[in-house]
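Here this note's numbering is used: position 8 in the sequence shown is 12, and no number is missing along the way.
Structure first, then comments.
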Amino acid sequence: MSEHPAVDNSAENDLEFTNTPNMLTLARILSVPGVVALLWMREFRYDVLAGVLFSLAAITDYFDGYYARKLNIEIDGEKYHRNWDGELLKRDQLRNKRLIEIGWEVRRFWVYEIRDNLGHCLDQIKSWMDKV
C-alpha cells in the first residue's frame with residue numbers, strides 16, 4: 005500500500021500492463037535464453053535458428069520504439085515555470101511543435117494536477133495509450 009494518500013492501489017484502478025509495447029518488450033526478454041541456448045549447441049542449423057530468433061527480437065524492438073515514440077508525457081513543476089519570462093515558454097512551445105511535426109502526441113500535466121487528482125491523470129494516460 006502506498007503511503008501517499010492520493011495513490012489508490014485497488015485492483016479496479018490498476019493500469020493494464022498487457023498493452024502492445026509491454027508485450028513486445030516481454031517477448032524480447034523471453035527470447036534471450038532461447039538465443040543463448042541455440043548458440044550453445046554449436047551447430048550451423050542452431051546458429052541459423054538463433055539468428056532468426058535474434059532478428060525477430062530486433063524487429064519487436066523497432067515496433068516497441070515506434071509505439072513508445074508516439075506519446076510524450078511531461079510533468080511541469082511549479083518551481084520550473086514560476087518565472088514565465090518567455091524563454092521557458094518559447095522553448096516548450098518549440099519542443100512541442102517539433103514533436104507534433106514528427107507525429108508525437110504531447111500531453112502535459114501540472115504538478116498540482118497529479119498531486120490533487122492522480123486518478124484522473126492516470127485515466128487520461130491510459131486512454132491516450134489505448135489510442136496509440
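Cβ atoms here follow ideal geometry from the backbone N, Cα and C, with glycine treated the same way.
Fair warning: this is a prediction, and the values are worked out from it, not measured in the lab.
**OP:** Please look up how many angstroms separate the CB atoms of Leu42 and Leu53, rounded, as I've assumed it's under 8 Å.
**Re:** 5 Å
Original post:
What did DSSP end up calling Asn17 once you bin it into helix, strand or coil?
Top reply: Residue placement at Asn17 is poorly supported in this model, since its pLDDT is 43, which falls under 50; the coordinates are not used for a value here.
**OP:** Report buried or exposed for Leu28, applying the criterion of at least 16 other Cβ atoms within 10 angstroms of its Cβ.
**Re:** buried
Original post:
Taking the alpha carbon of Tyr66 as the point to measure from, which residue in Met133, Ala31, Arg102 has its own alpha carbon closest?
Top reply: Ala31
Original post:
How many whole angstroms separate the CB atoms of Arg112 and Trp132, which I take to be in contact at a CB cut-off of 8 Å?
Top reply: Wrong, their Cβ atoms sit about 12 Å apart, outside the cutoff.
Subject >> Straight-line gap, Thr64 to Ile118 (C-alpha atoms, nearest Å) >> reply: 32 Å
**OP:** Starting from the C-beta of Cys125, find all residues in its chain whose C-beta is less than 7 Å away, skip the five residues before and the five after it, and write them out in chain order.
**Re:** Phe113, Glu117, Ile118
Original post:
Whose C-alpha, out of Asp127, Asp120, Thr24, Ile129, is nearest the C-alpha of Tyr70?
Top reply: Thr24
Original post:
What separation, rounded to the nearest whole angstrom, lies between the Cα atoms of Ile129 and Met45?
Top reply: 45 Å
Original post:
With DSSP run on the structure shown, which of helix, strand or coil describes Arg119?
Top reply: helix
Original post:
How many angstroms separate the CA atom of Phe48 from the CA atom of Thr22?
Top reply: 36 Å
**OP:** Tell me where the beta strand (DSSP E) around Trp114 begins and ends.
**Re:** 109-114
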